[in-house]
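Some notes on the structure that comes next.
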Ligand code: AR6
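In UniProt numbering, the protein residues as written are 1 to 173.
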């Protein structure tokens, strides 16, 4: 039975095997948590992302998919990049967001990560409501960990009271 928890904090300082990046399809960085991760990880992370774009991910990363790289200077061993749906582009299907969380866990299992920290994917620049993100994230992680034993700890690392409260509410439901 995996531990699933929510904390207020900075994703980039988490001492876990893998942190999940709320990236975009280019895989080449951006603002928000993506920018913070690249800044803290240093240039090796961007180099690895560029390599993906020249090899396995020439067309970028699809919405709802995930891929792992090393973590550069971060305390984690891997960064798992996922792309949540962008509400401002009409991507309102909850299954796309569920898929981003599920695929991230599948990739974590593939690389051998036993502890994984997630941000509130799509709850920032991509315009989703924090309560909806929390509900979908918690449900997806619960469903997945109920049928897989590779990942023992899932930690949602939230920026600020509003998002933390949304996840605490979803976890206690
Ligand atoms: N630690 C934890 N959470 C954070 C951190 C941090 N260091 N920094 C921000 N957040 P966003 P999205 C929270 O916009 O909505 C980027 O430009 C933030 O408060 O980072 O999936 C990408 O390149 C919010 O609750 O991701 C894409 O283009 C949550 O992380 C686009 O934004 C997600 O906000 C992706 O948008």
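Backbone N, C-alpha and C define an ideal beta-carbon position, used for all residues, glycine too.
These numbers were taken from a predicted model, which means no experiment stands behind them.
Which value, in whole angstroms, describes the spacing of the CA atoms of residue 3 and residue 38? 27 Å
Classify residue 93: buried if its beta carbon has 16 or more other beta carbons within 10 angstroms, exposed otherwise. It is exposed - the Cβ of residue 93 has fewer than 16 other Cβ atoms within 10 Å.
Alpha carbon to alpha carbon, how far is residue 16 from residue 75? 7 Å
Is the separation between the beta-carbon of residue 111 and that of residue 85 shorter than 9 Å? no
Counting by C-beta, which residues lie closer than 6 Å to a heavy atom of the ligand AR6, in chain order? 10, 11, 12, 22, 23, 24, 30, 31, 32, 33, 34, 36, 84, 119, 120, 121, 122, 123, 124, 125, 126, 157, 159 and 163
Excluding the 5 residues flanking residue 9 on each side, which residues of the same chain have their C-beta closer than 7 Å to its C-beta? 157
Return the first residue and the last residue of the alpha helix (DSSP H) that residue 150 is part of. No alpha helix (DSSP H) contains residue 150, which DSSP labels as neither H nor E.
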